[in-house]
Amino acid sequence: MPPETLSGDDVVHLATLARIDLDADERELMAGQLSGILAAVARVQSVAGSDIPATSHPLPLVNVMRPDVPRPSLDTEEALSGAPAREGYRFRVPRILEED
Amino acid sequence: MSELLQRTAADLAELLAAREVSAVELTRAHLDRIAAVDGDQDRGIHAFLHVDDAGALATAAAVDGARARGEIVGRLAGVPIAVKDVLATRGMPTTCGSAVLRGWVPPYDATVVSRLRGAGMPILGKTNMDEFAMGSSTEHSAYGPTRNPWDLERIPGGSGGGSAAAVAGFEAPLAIGTDTGGSIRQPAAVTGTVGVKPTYGGVSRYGLVALASSLDQAGPCARTVLDAALLHAVIGGHDPLDSTSLDEPIPDVVAAAREGAGGDLSGARVGVVRELGGAGHTAGYDPDVLARFTESVALLTAAGAEVVEVDCPHFEYALEAYYLILPSEASSNLARFDAMRYGLRVGDGDPGATAEQVMSATRAAGFGAEVKRRIILGTYALSAGYYEAFYGSAQKVRTLVQRDFAAAFERCDVLVSPTAPTPAFRFGDKLSDPLAMYLNDVATIPANLAGVPGMSLPSGLAGGLPAGIQILAPARADDRLYRVGAALEARLLAEWGRPLVPPALEVSV
Amino acid sequence: MTATIGSGVDVTGFDDSLLELATYEEAVAQFDPVMGFEVHVELNTRTKMFCGCAHSFGAPPNSQTCPTCLGLPGSLPVVNEAAVRSAVRIGLALNCTIAARCRFARKNYFYPDMPKDFQTSQYDEPIAYDGWLDVELGDGEIVRIPIERAHMEEDTGKSTHVGGATGRIHGAAYSLVDYNRAGIPLIEIVTRPIEGTGARAAEIARAYVGALRDVLLGLGVSDVRMEQGSLRCDANVSLRSAADAPLGIRSETKNVNSLRSVERAVRYEVRRQAARLSAGHRVVQETRHWHEDTGMTTSGRSKEGAEDYRYFPEPDLVPIAPDPAWVAELRTGLPEAPAVRRRRQMAEWGFGDLEMRDVLNAGAAELISETIEAGAAPTAARKWWLGELSRRAKAADVGLADLAVTPRQVAALQGLVEAGRLTDRLARDVLDGVLAGEGEPEDVLVARGVEVVSDDGALTAAIDRAIAANPDVVAKIAAGKVQAAGALIGAVMKEMNGSADAARVRQLLVERVAAE
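Chains as they are written, first to last, in my numbering: chain A, 4 to 103; chain B, 832 to 1340; chain C, 148 to 663.
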């Protein structure tokens, strides 16, 4: 059973995973608010027994596929139109530290 | 205010078809109304984030030309419309009410938007919303709140407060909203308008910037049930670009609305959901809202419907499940706002800044508090080790909610409840308490979890402010909403003598 | 978590370059290696996994992108039917169970070349699982490699790092991203731990990837070009003290881009890990990068405190439930397994082990097979492809299959030789013409006028001239020194520009001399 309260450190870890810088005040405020929300939603863990299947799609569709037929791509200028920075026909991004 | 503005979309369509009014004239009238009352973030209704005079007039002129040449045009051709800013519009800014997308101009149209364009409907502009549709008040827009035309000190509901307020304020006869947990229906309720969340898969999500993919659905906002049906028919139907789109025709909602307008519901079985404002479940509900609901149910009985009370015991867990599923999906859907390909980029100028730092700084600066809160919550709920306890459990509750609906729909053709527990509250009332804000959606959320369609229409006034009644139908039976909704609407109108309109139509800016 | 390319230091602060590496043989004598492979295959479908963009290697940057593969807000994926078909066929060819129902899942992590900042992949419900692949080693021994799963996913975009040394990520000032590759369908094939290989680990590694490549080639589902990245191999290696000891900590060596490198990288990792363990250091669970030039791996990203990918079912896609009848039909349509096919070919062609080995090493089996189907005798087909054509390919620095001559043309060429219309030398001339794009062998033969002269009149006249010019040689022949005829035959052949059948010249010459 997961803990029902979150500490400031928990929030820092989650914020790192979610790539959001938070200042100290935001961290504390959020830790308190999230703990409150978690307490309020904790009941869901005990509602359904193990015999109840999970529903991830509202309607039970299967096998929705498209034929392997090309459609026009965007014009390259359109593709790059929103780029905060570009160089030639590539998106320019800040240096990447981690290898994929 | 021009008399033209107060006509229904159905009336306007007839006037246009008879060429008694031109699309340009009609569009111009709405643009003038917007200029007069919409204002900006500090005053006026502020329903619009972007107004496209030139584009709307060009579409209108094209429709007029087509009609003059005797070409066949769509039923709503020339009827202007407003579009929630969460739908991608080619060549028109799309911000989702967020600073992170300030100035973004999509290179493509959402399918809903393509269909509006195909139908010859001039797009007046893009409407305000809670940032990324997270909220019930439009106070979470990065561009300032939308104000309720009924009382500019009050919220217009959310997240689609802009679309509802535009329609309620006669700035547009029709608008497109999106509904993830009530974002079409709750604003409709508190602005005295009609809003429909179609069956999940009934309207394409392609180009709808996703909040929670398994819950989101676009739908019509209007002032009458028939108008909503006309718009529903334009935007609904299968789209091969959306894998979750139903590959079947939508039911004939327009015929259902016309049939219902006769006011006869003989043979219809209506279930009142006890858990949504019924006996023993009234905590948090405004007594006037409940009174209007009870009166509406009495009118349904008077129309010949058989009314019974039904139990949906798991609805009380729906809110909790929703507040785990939504943040989980949202945390993933909103990851793409990372400053690399489009939108805001912060911190790039710092020497040595890394992509990781720029991402984190941009998301810190570009997202508002509510969005950050839900992303962090969703990140937690999906974490290794907690997934089953949170997301997994919530998806099981979803199964139970679906079963409740299935059982109820064995006994009833439609279900009814108040749409929102209270009328419009004042700005700031619930801003500091996320949980109190979330309770606004308690009655609307079950439909999203189960994928069933829902409608809100006005049930009357509660303390001088609009209240709404919600009608729910089984998946794929959206026509039932329109039949029952139109019948109730007709009987309510007969009682009131005239439609509900905001007392101060001449809002000054 | 900083990449440490160019240095041997890992998260424990220990520098591998300080180690005395034992030989591979010593390492495997002391430790028991266990391997695992994750192979990513780019499918050669016409369009991407989830959108209708075409994908072709070498297209201008960002010219094959759309809202979906750029991850634009509001865009949605739709599964490519042909990719599912290829996935099922790969699963069947690897003797897997095909899932009755499976789903896509989102793997959430941030990376600039991943447009949605999650990868649409499969997690706990892969489309194919529990299979195996029989792999033949050099000495004919067959090893069964256990396959855990094959699942569908999408490729990422491609980053070019600018401003650092030699385009490496380390020290770069910024990066440029091309999303053409983003969304190309990938099948990831994951083995179970491969145990009990002992000293043959590295050899088995190479044989497995080679055999897998052959299977994929036979299915026609991918270009399988390791150098272009359409087949990418990550090799997991761990060591344990004994075969019955628990599994050791593994390293994951990324993007080993040739069969030779697979073998070398495994050898290196076995040696490196053995040295660490022998020196009393633990092996770190991490990503490592293979360097072709130095033959070494270096430390990449630590996987300790592994990234939390927050997998959950992809809500924008619905489950895939392959129709059993369709799966059965695909199973029936599978090509023969490469190993089975080879044994059959050897028997049919009458090749010995060594001959077949040469054929396989030259990558000529299918070319020879097609040449035989076009009418050539097995020995002749083999002679052409392993002889003259191999020399041509080598000279032009291209693969045999890339030569501008088809197996059918080779068979036709051989047919002309067997009909006596071309000598071996003339056949090489004609081959030149075919390779130069002058047309079919028959056309080239006519156009170049190089057919063997079978007109005895022309030959007799040339022979008479040779006899007249060389009375001393004629005298020797007449005196019984028949081998002296060679000089006269040479003269005749020279006069005829080689377009004469030497055997016929000899026959006519001997007749003329006898008649003198």
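C-beta atoms are modelled at their ideal positions from N, C-alpha and C, and glycine is treated no differently.
Taking the CA atoms as reference points, Ile903/B sits about 16 Å from Ser853/B. CA-to-CA, the gap between Asn402/C and Arg414/C works out to about 16 Å. Three or more beta-carbon pairs drawn from the stretch 1299-1306 of chain B and the stretch 1011-1029 of chain B are found closer than 8 Å, and the two stretches are therefore classed as touching. Interface flag for Arg253/C against chain B is set, since a Cβ pair is found closer than 8 Å. Among the CB atoms of chain C, one or more fall inside 8 Å of the CB of Asp71/A. About 4 Å separates the beta carbon of Pro953/B from that of Thr890/B, a gap short enough to meet the 8 Å contact definition. Annotated three-state conformation of Pro554/C is helix, per DSSP. Bounds of the beta strand (DSSP E) holding Met182/C are Asp179 to Glu189. Interface annotation, Ile1206/B: in contact with chain A, CB-CB separation under 8 Å. If the five residues before and after Ala1306/B are omitted, its C-beta is found closer than 6 Å to the C-beta atoms of Thr1030, Gly1282 and Val1283, all from its own chain and listed in chain order.
In this structure, Gly1050/B places its C-beta atom within 8 Å of the C-beta atom of Gly1008/B.
Between Ala252/C and Ala421/C, the CB-CB gap reaches or exceeds 8 Å. With a threshold of 8 Å between beta carbons, Ala18/A makes no contact with chain C. By the Cβ neighbour-count rule, Ile289/C is exposed, with fewer than 16 other Cβ atoms within 10 Å of its own. Contact check for Arg978/B against Ile876/B passes: the beta carbons are separated by less than 8 Å.
Residues of the stretch 957-968 of chain B with a C-beta less than 9 Å from any C-beta of chain C: none at all.
When only Cα atoms are considered, Leu1077/B and Ala484/C end up about 41 Å apart. Between Leu635/C and Ala613/C a beta carbon distance of about 5 Å is seen, short of the 8 Å cut, so the two are scored as contacting. The DSSP-derived three-state label of Gln872/B is coil.
For the 8 Å CB-CB criterion, Gly1000/B and Ala878/B form a contact. Listed along chain C is no residue with a C-beta nearer than 9 Å to that of Pro5/A; the closest approach is about 14 Å. Looking at Ala1166/B, Ser1191/B and Leu1130/B, the one whose alpha-carbon comes closest to that of Glu1326/B is Leu1130/B. Note that the C-beta distance between Val597/C and Asp571/C is not below 8 Å. In terms of Cα proximity to Ser1191/B, the closest of Cys243/C, Pro207/C, Gln177/C and Tyr258/C is Tyr258/C.
From the beta-carbon of Ala201/C, the residues of chain A found nearer than 8 Å are Pro73 and Ser76. Straight across, the Cα-Cα distance linking Val1177/B with Gln1233/B is about 44 Å. The stretch 225-258 of chain C is shown to contain whole beta strand (DSSP E) runs of 3 or more residues at 252-255, in chain order.
Across the structure, Glu1151/B and Leu843/B are spaced so that their CA atoms are roughly 43 Å apart.
Under the 8 Å Cβ criterion, the stretch 622-630 of chain C does not count as touching the stretch 582-595 of chain C, having fewer than three qualifying pairs. A distance below 8 Å separates the beta carbons of Gly1091/B and Ala1317/B. Linking Val1141/B to Leu1319/B through their CA atoms gives a straight-line distance of about 20 Å. With respect to the 8 Å criterion, Arg491/C and Leu239/C are not classified as neighbours on the basis of their beta carbons. Residues of the same chain with a CB within less than 8 Å of the CB of Glu410/C, apart from the 5 flanking positions on each side, are Ala349, Glu350, Ala352 and Arg353 in chain order. For Asp277/C, the enclosing beta strand (DSSP E) begins and ends at Ala275 to Glu283. At least 8 Å separates the beta-carbon of Ala523/C from that of Ala468/C.
Nearest to Thr338/C by alpha-carbon distance, out of Cys380/C, Glu301/C and Ala528/C, is Cys380/C.
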